[in-house]
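Counting along the sequence shown from 1, when you hit position 256 you're at 249 in the numbering used here, and nothing is skipped either side.
Note that beta-carbon positions come from the ideal geometry of N, C-alpha and C, so glycine has one too.
Keep in mind the model is a prediction, meaning the values are calculated, not measured.
Only one structure is covered here, and it is reproduced in the block below.
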Amino acid sequence: MTMEVVLLGTGNPIPDRDRAGAATLVRAGGRTLLVDAGRAVCMRLVAVGVLPVMLDVVLLTHLHSDHICDLNDVVTTQWVMSPVPKTLRIIGPPRTTEVMSGLLDMLRPDIEYRLAHHDDLTWGPQTDIAEVTPGAVFDEGGLRVVAARTDHRPVEPTLGYRIEFEGHAVVLAGDTVPCAGLDELCRGADVYVQTVLRDDLVRMVPMQRFVDTIDYHSTVVQAAQTAARGGVRTLVLTHQIPTPGPGAADEWIGIAREHFAGEIVFGEDLTSISI
Ligand SMILES: [Zn+2]
Ligand SMILES: [Zn+2]
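In structure tokens form, the structure reads like this:
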């Protein structure tokens, strides 16, 4: 196995008992990367044997709450469980610094309580925050991460990531409609993970705020078309809107199948894809 992708959370913003919030783990070359940190991310990390202290980097696709709402839990748990000062590297779009500043302010009382209580804990959370724009994010030890601009307007800017290792590539698109940046990331990738929406179902819900979500998410058809254009090997459907009921997988895969001949994975929490 060269690379592993684990869907930690496949849920959308509406709470669900079986689906945690948006978060995906990528392991390659002895490194562990977390992409987004939605609801219950720490519980799902532990389920695959990863404690926050074991993360090498956290990549954020965008700053919508459902993708970052448990980032504070990652920060606190990483800090409290580190026997020595350990820096948590967080990479995201512009305004990530602003979000992290507010997050650390919110944690201030907790940080003070723990520093006062534990004699051996003499440092606060150590974070290294980098705001990135489209282009190369880093290239270390054969692991390369590239970001491209995606289209989730009016949420701007948003990023998708392509993670490459030993000739293989995984794309974490985040929330986006089809666009040139996404096509660029997907070209020849092994795995393309896309947050998706069924517009046929969402249109039937008599609530405008819900129908509005059609504007800025890829439909299942669009995700399949992007996968086909990019010649990817495996399309992974995640963050499904609306939340699918039991046994819905075949229907969602069937819709994608009309536009994409490769492997299609219907994401459930802890679905793992190996390359
Ligand atoms: Zn979003
Ligand atoms: Zn989302």
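{"Item": "According to DSSP, what are the bridge partners of ALA129?", "Value": "VAL139"}
{"Item": "Suppose the cutoff is 8 angstroms on Cβ atoms and the five residues either side in sequence are ignored; what does the same chain contact list for VAL125 look like?", "Value": "ILE84, GLY85, PRO86, ALA140 and LEU152"}
{"Item": "Cβ of HIS145 within 6 angstroms of any heavy atom in ligand 2?", "Value": "no"}
{"Item": "Could you have a look at SER75 and say whether DSSP puts it in helix, strand or coil?", "Value": "coil"}
{"Item": "Please report how far the alpha carbon of VAL71 lies from the alpha carbon of HIS252, in whole angstroms.", "Value": "Sequence check: residue 71 is Gln here, not Val. Their Cα atoms are separated by approximately 42 angstroms."}
{"Item": "By Cβ distance, which residues of its chain are closer than 7 angstroms to PRO237, with the 5 residues on each side in sequence left out?", "Value": "TRP245"}
{"Item": "Can you grab the Cα-Cα spacing for the pair VAL(-2) / PRO45, in whole Å?", "Value": "17 angstroms"}
{"Item": "Can you tell which of MET93, VAL186 and LEU53 has its C-alpha closest to the C-alpha of THR69?", "Value": "MET93"}
{"Item": "Which residue's Cα is closest to the Cα of MET(-4): ASP66, ALA21 and ALA217?", "Value": "ALA21"}
{"Item": "Should HIS232 be listed as close to ligand 1, given that the test is whether its C-beta is under 6 angstroms from any heavy atom?", "Value": "no"}
{"Item": "Below 7 angstroms between beta carbons: does that hold for ALA249 and VAL213?", "Value": "yes"}
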